[in-house]
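Participant: Let me begin by handing over the structure; questions about it come next.
Numbering (full-length UniProt numbering), first residue to last: 1 to 365.
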């Protein structure tokens, strides 16, 4: 298993470690519920150094990123970030990602840890098609960059102590290159995967220890805590965010997945397989990914069958948990068209029981 530059901190703090995407990662420290609610109410720190980072540079950088991603890269300006996905050639999604624009000829793509090799092969394949120089125009910097996500309503207030740049008033989905915690330059962004606000700090691996210590020192007065992937998953689900391999995958269109808002059918955005997704949008999908609340006692889990009142199979669960904040049993799943509207009654098959549930809105809190 691979380790991150922060692994020794996790182990010293007694985190429960487990394999994730080829890395030895912290799953929980003080418990998922405690960590989850700390992020909702104060601030918590996640080691997300396992994520992938690809630089795309040069005169054809914009052309490549526009071709690869479903969102409209032309709408980005310097210092802005965009959530997007890589459509594949068969109607599904290679991965979801963040696109950072540094200039018209320089972008950073942040991809999921489990998909780094697949995504890199995908990007280089299309870069070759455009005649780009793979030695100078593309760089897989995943091994050289570490990343901490400091999430929660007090995150920016705490991190402001570590920089002379104004970070408290940063807009959502923006970034700056700033001096931070005695390091000359980090990438400081405000995207987040928890629905609780906060920031991400990208730095070179050599600066990892200095940044970790400074972040926890700055956050001490605010009640900062280290958090594991368990709380990261409950937070993202509670906020209604997709997770690759659950809500999105190689088989489902972003239109089906409720990601029409990052799939822009505007002039000049000729992304891969655009016609397929545009037709699906116009014709309406046969299935929809929808959030639901379980009304009976029980928990929905990935792969559980979703039924109608007569016991007919109408879909499948993507994710499910008990919300640490509300105590309600929540989940997401694909359901047939006609069962996707708000407050529609559905049933989750759990062994010999059919648990009553209903379609709701996100976030779940």
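We treat Cβ as the ideally placed atom computed from N, Cα and C, and that holds for glycine. Model, not experiment: these values are computed from the prediction.
Quick check: the Cα distance between residue 207 and residue 6, rounded to an integer number of angstroms?
Facilitator: Position 207 of the chain shown, counting from 1, holds the residue named residue 207. Position 6 of the chain shown, counting from 1, holds the residue named residue 6. So the alpha carbons of these two residues sit roughly 11 Å apart.
Participant: Quick one: Cα of residue 302 to Cα of residue 149, how far?
Facilitator: As a first step, residue 302 is located in the chain shown; it is residue number 302 there, counting from the start. As a first step, residue 149 is located in the chain shown; it is residue number 149 there, counting from the start. If you take the alpha carbons of residue 302 and residue 149, they lie about 26 Å apart.
Participant: Whose C-alpha, out of 211, 356, 248, 220, is nearest the C-alpha of residue 146?
Facilitator: Counting from one through the chain shown, the residue named residue 146 turns up at place 146. Measuring from the Cα of residue 146, the nearest candidate turns out to be 211.
Participant: Based on the DSSP output, what are the partners of residue 289 in its beta bridges?
Facilitator: Position 289 of the chain shown, counting from 1, holds the residue named residue 289. DSSP lists 334 as partners of residue 289.
Participant: Quick check on residue 136: buried or exposed, where buried means 16 or more other Cβ atoms within 10 Å of its Cβ?
Facilitator: Locating residue 136 in the chain shown gives position 136, where the first residue counts as 1. The residue in question, residue 136, is exposed, as its Cβ has fewer than 16 Cβ neighbours within 10 Å.
Participant: Is the Cβ-Cβ distance between residue 144 and residue 100 less than 9 Å?
Facilitator: On the chain shown, residue 144 is found 144 positions in, with the first residue counted as 1. On the chain shown, residue 100 is found 100 positions in, with the first residue counted as 1. It is not a contact, given that the beta carbons lie outside the stated cut-off.
Participant: Using 9 Å as the threshold, is the C-beta distance between residue 329 and residue 300 below it?
Facilitator: Your numbering for residue 329 matches position 329 in the chain shown. Your numbering for residue 300 matches position 300 in the chain shown. In this structure, residue 300 lies closer than 9 Å to residue 329 by Cβ.
Participant: Taking the beta strand (DSSP E) that residue 345 falls in, what are its first and last residues?
Facilitator: Working through the chain shown from its first residue, we reach residue 345 at position 345. Its beta strand (DSSP E) spans residues 345-350.
Participant: Excluding five sequence neighbours on each side, which residues of the same chain lie with their C-beta closer than 6 Å to the C-beta of residue 52?
Facilitator: Residue mapping note: residue 52 aligns to position 52 of the chain shown, counting from 1. The residues are 111, 116, 142.
Participant: Please name the residue, chosen from 79, 325, 252, 84, that lies closest to residue 287 on a Cα-to-Cα basis.
Facilitator: Position 287 of the chain shown, counted from the start, is the residue given in the question as residue 287. The option with the nearest alpha carbon to residue 287 is 252.
Participant: Do the region 192-201 and the region 4-18 touch if we need at least three Cβ pairs shorter than 8 Å?
Facilitator: Verdict: no, contact absent.
Participant: In the DSSP assignment, find the beta strand (DSSP E) that holds residue 203 and state where it starts and stops.
Facilitator: Here residue 203 refers to the residue found at position 203 of the chain shown. Note, residue 203: beta strand (DSSP E), 198-204.
Participant: Among 121, 202, 86, 70, which has the Cα closest to the Cα of residue 186?
Facilitator: Position 186 of the chain shown, counted from the first residue, corresponds to residue 186. It is 202 whose Cα lies nearest to the Cα of residue 186.
Participant: Just reading off the alpha helix (DSSP H) that residue 20 is part of, what are its end residues?
Facilitator: As a first step, residue 20 must be located in the chain shown, where it is residue number 20. Here residue 20 belongs to no alpha helix (DSSP H); instead the beta strand (DSSP E) covers 16-20.
Participant: Does the region 27-42 come close enough to the region 314-334 to have 3 or more Cβ pairs within less than 8 Å?
Facilitator: These segments touch.
Participant: Could you tell me which whole alpha helix (DSSP H) segments of length 4 or greater appear in the region 248-303?
Facilitator: The qualifying runs are 274-283.
Participant: Measuring only the C-alpha atoms, how far is residue 190 from residue 352?
Facilitator: Here residue 190 corresponds to residue number 190 of the chain shown, with the count starting at 1. Here residue 352 corresponds to residue number 352 of the chain shown, with the count starting at 1. Their backbone Cα atoms lie some 45 Å apart in a straight line.
Participant: Leaving out five residues before and five after residue 344 in sequence, what residues of the same chain have Cβ atoms less than 7 Å from its Cβ?
Facilitator: Against the chain shown, residue 344 aligns to sequence position 344. Contacts found: 358, 359.
Participant: How is the beta strand (DSSP E) around residue 47 delimited, first residue to last?
Facilitator: On the chain shown, position 47 is the one that residue 47 refers to. First-last of the beta strand (DSSP E) with residue 47: 44-47.
Participant: Enumerate in chain order the residues of its own chain whose CB-to-CB distance from residue 363 is below 7 Å, with the five nearest sequence positions on each side excluded.
Facilitator: Along the chain shown, read from residue 1 onward, the residue named residue 363 stands at position 363. The answer, listed in chain order, is 195, 238, 239, 240.
Participant: What whole-angstrom Cβ distance do residue 222 and residue 154 have, given they're in contact under 8 Å?
Facilitator: As a working note, residue 222 is residue 222 in the chain shown. As a working note, residue 154 is residue 154 in the chain shown. Confirmed, Cβ separation roughly 4 Å.
Participant: Spatial neighbours of residue 268 within its chain, please: C-beta separation below 7 Å, excluding the five flanking residues on both sides.
Facilitator: Walking along the chain shown from the start, residue 268 turns up at place 268. Closer than 7 Å at Cβ, skipping near neighbours: 74.
Participant: For residue 254, count neighbouring C-beta atoms within 10 Å of its own C-beta (all shown protein chains included) and say buried if the count is 16 or more, exposed if not.
Facilitator: Taking the chain shown and counting its residues from 1, one reaches residue 254 at position 254. The residue in question, residue 254, is buried, as its Cβ has 16 or more Cβ neighbours within 10 Å.
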